[in-house]
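Residue numbers (the working numbering): 12 to 580. By construction, the Cβ of each residue, glycine as well, lies at the ideal position given by its N, Cα and C atoms. Working notes, beginning with the structure itself.
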């Protein structure tokens with residue numbers, strides 16, 4: 012315990028935040044009094060370090076090396092600055108920084124730009140709290156070498172994070188290996204030096220002009236200008252206590268869509284997230300206020316963004332659903348938007364004069380999704396003669412698919428305008444979905460009718476997910492090891508035809524901790540640890556000749572997957 016007490020003392024000596032200093036001082040006093048609970052807390056805070064990886068940093072706010080705080084952010088900013096200078100070839104790198112409405116996001120952002128400027132970089136701060144897609148857009152729009160977004164996206168209220176993008180050849184995409192390890196090494200060197208108070212700082216950073224936001228709004232509105240059917244559309248929008256609404260409302264006005272009825276209690280940024288236990292539209296109960304509002308105004312559609320507006324949720328009226336509303340799955344939304352993109356690919360500006368669909372730089376146009384997302388997107392690509400790419404999870408991989416015109420991930424992430432934003436974007440996806448809904452509306456049809464047409468055209472794809480949250484992450488490693496040591500011969504009553512272990516590299520994908528089981532009936536079960544939360548995730552996908560048959564097959568697969576999971580826990 013003395014080592015953790017010493018580490019805490021060294022931390023206190025450099026922490027510029029009075030709140031976390033007081034928090035840690037109180038904890039140390041309790042440890043000194045023999046409080047075993049406080050001792051365990053101290054050990055958890057200092058026995059390890061919040062790892063910097065391909066998602067950057069993300070964790071609970073608080074004092075200590077295993078928490079998100081100003082010390083950790085300063086070390087990250089200084090390490091990232093050193094990385095950018097190292098690869099700059101003697102030029103001065105430019106880095107743009109954005110932040111959302113979570114607790115301390117603005118503080119972490121200003122710490123970062125001051126340290127970037129102090130290190131000699133051209134540092135630019137976005138004008139106010141804004142959605143993550145605006146930051147991703149700004150990296151390319153400003154020709155920056157890198158970008159940092161301070162956000163924890165849809166994580167619990169007490170979390171925050173630090174997401175990193177690279178410009179240049181990376182085109183404003185999130186970092187991938189080996190950049191993550193190289194940046195982490197620089198950060199560790201700064202941390203080992205042990206005193207962030209000696210880091211040079213400067214207030215000589217620039218504030219990005221409002222024209223950056225205006226350019227994002229114009230580019231996003233152009234994704235799907237309102238068609239005739241948009242007039243009179245009665246819909247509901249929630250920002251989930253995040254930063255989406257200001258930007259969304261500007262995009263709607265420029266694109267010509269009617270303003271929605273907003274969920275007033277959730278429309279303004281509030282880092283406390285007072286009406287939701289977990290500000291993620293996928294979580295049970297998170298959209299209850301949206302449904303309540305929709306019933307009150309007899310809406311036709313509900314659209315939700317997560318707190319940093321990089322994800323999109325959609326709900327439609329459904330008489331068979333509890334409360335009369337059903338949230339579409341991420342796969343359902345992704346397949347609809349992918350269908351839209353495939354139809355447009357041959358006639359978009361990216362297509363050549365012969366109608367041959369082309370993506371960036373003359374590469375054949377493609378649709379892409381993560382390997383855990385619905386295989387239905389491949390069916391769409393094949394139907395329209397487009398290339399298809401299955402990637403590892405995360406938009407850092409999806410956005411790099413050659414010739415991409417659309418990409419998605421089942422966790423409510425959609426990339427619909429890759430020429431301007433190389434990341435998931437819940438605002439441009441909302442505009443694209445509104446365009447589809449409005450076009451259908453002009454024909455007397457609904458989003459539900461579009462889903463039925465999709466099934467009739469491509470087949471009935473059904474998906475489900477099992478998430479197992481653990482208190483000890485070692486349990487996840489144990490489950491994965493057990494499945495590898497004794498691969499299942501069947502899932503339920505259906506035999507396993509083939510198992511792909513992505514740790515060994517499959518289909519040209521980078522190695523990943525993923526097991527993919529193909530069953531004799533064509534169903535698919537994927538098992539992997541979550542990249543951002545202490546969860547094990549199981550992804551279930553089936554295809555049937557009708558929605559009813561697909562649901563029946565999915566129910567059987569879920570039962571078998573639960574039995575398999577119970578046998579290895």
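Per the DSSP secondary-structure output, residue 79 pairs in a beta bridge with 72. For residue 197, the enclosing alpha helix (DSSP H) begins and ends at 190-204. As summarised for the segment 228-271, the continuous alpha helix (DSSP H) elements at least 4 residues long and confined to that stretch are 255-266, given in chain order. Annotation: the continuous alpha helix (DSSP H) that includes residue 152 extends over 143-152. Under the three-state reduction of DSSP, residue 473 is assigned to strand.
Counting only residues of its own chain and dropping the five nearest sequence neighbours on each side, residue 516 has a CB closer than 6 Å to the CB of 522. If you draw a 10 Å sphere on the C-beta of residue 287, you find 16 or more other C-beta atoms in it, and that means buried. In terms of CA proximity to residue 312, 246 leads the group 42, 246 and 293. For the pair of segments examined, the segment 135-147 was found not to touch the segment 22-40: the number of CB pairs separated by less than 8 Å stays below three. The DSSP-derived three-state label of residue 431 is coil. In the displayed model, residue 306 falls within a helix according to three-state DSSP. Distance between residue 212 and residue 578, taken at the CA atoms: about 55 Å. With a contact defined as Cβ atoms closer than 8 Å, residue 161 and residue 192 miss out at about 22 Å. Note: residue 121 is not bridge-paired with any residue in the DSSP secondary-structure output. Taking 8 Å as the cut-off, the beta carbon of residue 381 is found no closer than this to the beta carbon of residue 397.
Of all C-beta pairs linking the segment 269-278 to the segment 327-340, fewer than three are shorter than 8 Å, placing the two stretches out of contact.
One Cα belongs to residue 327, the other to residue 305, and the distance between them is close to 10 Å. In the DSSP assignment, residue 160 falls within the beta strand (DSSP E) that extends over 157-161. Your pair residue 379 and residue 415 checks out as a contact, with CB atoms roughly 5 Å apart and the cut at 8 Å. In this structure, the beta-carbon distance from residue 568 to residue 551 falls below 8 Å.
Around the beta-carbon of residue 89, 16 or more other beta-carbon atoms lie within 10 Å, marking it buried. Burial state of residue 122 is buried, judged by a 10 Å Cβ sphere holding 16 or more other Cβ atoms. For the 8 Å CB-CB criterion, residue 429 and residue 320 do not form a contact. Closest by C-alpha distance to residue 532, out of 71, 514 and 503, is 503. Burial is judged here by how many other beta carbons sit within 10 angstroms of a residue's own beta carbon; residue 106 has at least 16 and is buried.
By the beta-carbon neighbour count (other beta carbons within 10 angstroms, threshold 16), residue 12 is exposed. In this structure, residue 239 lies near residue 453, with their beta-carbon atoms less than 8 Å apart. The alpha-carbon separation between residue 542 and residue 231 amounts to approximately 29 Å. With contacts defined by Cβ atoms closer than 8 Å, residue 530 and residue 500 do not form a contacting pair. Rounded to whole angstroms, the Cβ separation of residue 462 and residue 323 is 16 Å, and the two are not in contact under 8 Å. Residues 353, 468 and 469 of the same chain have their beta carbon placed closer than 8 Å to that of residue 394, with the five preceding and five following residues left out of the count.
Listed as beta-bridge partners of residue 317 by DSSP are no residues whatsoever. It is roughly 45 Å from the alpha-carbon of residue 449 to the alpha-carbon of residue 78. Rounded to the nearest whole angstrom, the CA to CA distance from residue 351 to residue 465 is 11 Å. Spatial neighbours of residue 557 in its own chain (CB-CB distance under 7 Å, excluding positions within 5 residues in sequence) are listed in chain order as 471. For residue 55, the enclosing alpha helix (DSSP H) has its first and last residue at 47-57.
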